[in-house]
Structure formats: structure tokens, C-alpha cells
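Have a look at the structure below, then the notes.
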Amino acid sequence: DCSSLPELLLAERAGLRGDAIMFTSNDTPIEEFRLARALGAVINLDDIGHIAYLAAGAGLPELLSFRYNPGAERAGNAIIGHPEEAKFGLTRAQLFRAYAEAQAHGVRRFGLHAMVASNELDPQYFVDTAAMLFGLVGELHERLGIRCEFVNIGGGIGIPYRPEQQPVDLARVSDGIRAAYEAMIAARGLAPLVLLMECGRVVTGPYGYLVTRVRHMKEGYKRFVGTDACMANLMRPGMYGAYHHVSVVGKEDIPADTLYDVTGSLCENNDKFAIDRA
Numbered sequence: 027d028c029s030s031l032p033e034l035l036l037a038e039r040a041g042l043r044g045d046a047i048m049f050t051s052n053d054t055p056i057e058e059f060r061l062a063r064a065l066g067a068v069i070n071l072d073d074i075g076h077i078a079y080l081a082a083g084a085g086l087p088e089l090l091s092f093r094y095n096p097g098a099e100r101a102g103n104a105i106i107g108h109p110e111e112a113k114f115g116l117t118r119a120q121l122f123r124a125y126a127e128a129q130a131h132g133v134r135r136f137g138l139h140a141m142v143a144s145n146e147l148d149p150q151y152f153v154d155t156a157a158m159l160f161g162l163v164g165e166l167h168e169r170l171g172i173r174c175e176f177v178n179i180g181g182g183i184g185i186p187y188r189p190e191q192q193p194v195d196l197a198r199v200s201d202g203i204r205a206a207y208e209a210m211i212a213a214r215g216l217a218p219l220v221l222l223m224e225c226g227r228v229v230t231g232p233y234g235y236l237v238t239r240v241r242h243m244k245e246g247y248k249r250f251v252g253t254d255a256c257m258a259n260l261m262r263p264g265m266y267g268a269y270h271h272v273s274v275v276g277k278e279d280i281p282a283d284t285l286y287d288v289t290g291s292l293c294e295n296n297d298k299f300a301i302d303r304a
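If you count by the numbering used here, then the sequence shown holds residues 27 to 304, one letter each, in order.
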């Protein structure tokens, strides 16, 4: 899954081409669409206005996908935002118009995409998202005669950042989506339908650590632990208050009874890895 020119270049250097790449961008310059076309990537449009833009500047591909924004139909979260407030994707009305317009331009192969949550730990969320998209696949077939080749239910499978949290039950996700597929796709004669996901965090996230060293301890109106890392090394806490567990190597069993802000040295007051953390 790529969303920018640098990511397309990285994918190319990694030896990926064709449908191994899905290009899901927004506010996209035409140069990036041209590179995606040259690589044979699956282009996933975020804006109904991009159909004519892509057609004029790079040509429409044989296979085209659209990103659906369900609005209030699905709840988002603090990381990706509530769908009705997000800048991503097409409304329901726009979605059906977009497929019809693409058909009129000669496109005959289609996919469907949605990404409405990030770092979600509830397995039912992904089952419900898949069912929502399976329903749209059926509607597209009934209203426009379109047989979608794939559905991409996005990423968003979370990982337990807090010690008390549990990982997502992937078997429950799989079983739930399979049941929805059988009832809503296979039973309606719409199979085969390829199911895709973008599981970056759950594949890599549990195995990465930021190792930093304490430089200074400071007492002012609060107590601060200054480290030799900063938010340039780990952006999530400073950007949107994401929780990352902090351990002191070799002192895990010592009682934690004093509150500190764990900070970096950038000249930004949100350069903090933890706030009021014992």
C-alpha cells in the first residue's frame, strides 16, 4: 500500500510492480499517478474529481478502485478521525456516480476499498467493515452491472501498546469475515472476490523498540526526564497523544511511585514520550 511518490519509489526498489502495489493517495499530483501507471500499480481513487484528472494527465488504467468513506455509518477513532470529518474517500452517493463515470470512460475492471480506523483492537470492527463493503459489492452489481474483482478492507488491526491490553483475536476476524463472505458474496453468485488487507502495524509494530538514554533529570513545576531521543524518532505521542509504554532496562521491578514527563530536547513543548508517567 503506497500513498506518495517516495513510497512508490521504495516499492519499485524492493522489486514490487503491478498488483503487488496499491496506490491510495489524496490530493495527488499528476506525476505520482504517472509513476503508479508506469509501475502497473492498482490505483485507488480518493476523489470523484480525480477520474477526469487521471484520464487527462496519465490515462485511465484497465483496473480502477475507489476509496469509500462511510460517514456516520462507521465510527472512527482518534488516530484516523471520524469518517464524516475525514479528508479521505468518497461519500456513498459519490461512490456510485464514480463507478458509473469510470464505466463511461471505458473502465471495465473494478475494486473497492475502505480504511476507517487505525489501531483498532475490537475484532468485530473488521468483520463489520468487511460486511459493509460486501453489501456495496452487491449493490454495485445490481445497479451498474459491476463485478468487483477485489475488496480491500484497509488496515487498522491494532497492537497492545499498554501492558494490560490483549492482541486482536485474528481467528475471530477470519471466521467472521468468512461467514459474511459466504452469506453476502458466495450465496449471491458474486464469487470469486479477492479480499485484501493492509496489515502494516500488526506485522511490524510488536517487534520495534526505541532505545534511549537519560541525559538529565530536571525539577521545575513538574519533574522531567530528558532523553537523547526526540519526537523525530517517535512522532506518535507528540502528534496525537498516543501511548507508548516506557521501561527502564534493569529496573523493571523497582516500585514506580514518582510521576515524570519523559521528554526529548527539541524546542517544542509537545516533544514528550510520556506525561505524568510513574
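Ideal placement from N, C-alpha and C gives every residue a C-beta, glycine not left out.
For residue i, three-class secondary structure by DSSP
i	result
S91	strand
D287	strand
M48	strand
F176	strand
R239	coil
L222	strand
G252	strand
I203	helix
E245	strand
L159	helix
I77	helix
V153	helix
L86	coil
L61	helix
L170	helix
I280	coil
L196	helix
L121	helix
L42	coil
L116	strand
Y269	coil
E294	coil
A128	helix
T54	coil
A217	coil
Residue i - partner residues in DSSP beta bridges
i	result
A300	V288
M257	Answer is none; M257 lacks a bridge partner.
H139	R93, N178
E146	I183
G211	According to the sequence shown, residue 211 is Ile rather than Gly. In DSSP, I211 forms no bridge with anything.
V354	Residue 354 lies beyond the range of the chain shown here (27 to 304); nothing can be said about it.
C28	F49
For residue j and residue i, believed in contact at Cβ under 8 Å, the rounded distance
i	j	result
D27	M48	5 Å
I185	P218	Not quite, the Cβ-Cβ distance comes to about 31 Å (not below 8 Å), so this is no contact.
Y125	L86	With a Cβ gap of about 13 Å, Y125 and L86 do not count as contacting.
F299	H270	6 Å
V163	L216	6 Å
A304	L285	6 Å
Proximity winner among the options, relative to residue i (alpha-carbon distances)
i	options	result
T54	P96, G41, I77, N296	I77
V272	S91, Y235, Y266	Y235
R214	R173, R198, P186	R173
G97	Y269, P87, H108, N70	H108
N52	N70, G66, Y125	N70
F176	R93, A37, A124, F250	R93
R135	Q191, E88, G83, L292	E88
N95	N259, L121, E127	L121
Y79	A268, G276, R60, A67	R60
P149	R39, A64, L196	L196
G66	K277, G83, A46	A46
A112	S144, H131, A81, V133	S144
Whether or not the segment 149–157 and the segment 110–123 are in contact is what I'm after, with contact meaning three or more pairs of Cβ atoms, one per stretch, closer than 8 Å; do they touch? No, the segment 110–123 does not touch the segment 149–157.
Decide yes or no for the touch test of the segment 159–171 against the segment 132–143: beta carbon pairs closer than 8 Å, at least 3 of them. Segment contact: the segment 159–171 against the segment 132–143, three or more CB-CB distances shorter than 8 Å; contact assigned.
Three or more C-beta pairs closer than 8 Å, one from the segment 228–243 and one from the segment 252–260: is that the case here? Segment contact: the segment 228–243 against the segment 252–260, three or more CB-CB distances shorter than 8 Å; contact assigned.
Could you check whether the segment 163–181 touches the segment 208–228, counting it as contact only if at least three pairs of C-beta atoms, one from each stretch, sit closer than 8 Å? Yes, since at least three Cβ pairs between the segment 163–181 and the segment 208–228 fall closer than 8 Å, the two stretches touch.
Cβ contact (3+ pairs, closer than 8 Å) linking the segment 242–249 and the segment 195–206: Result no; under three Cβ-Cβ pairs closer than 8 Å.
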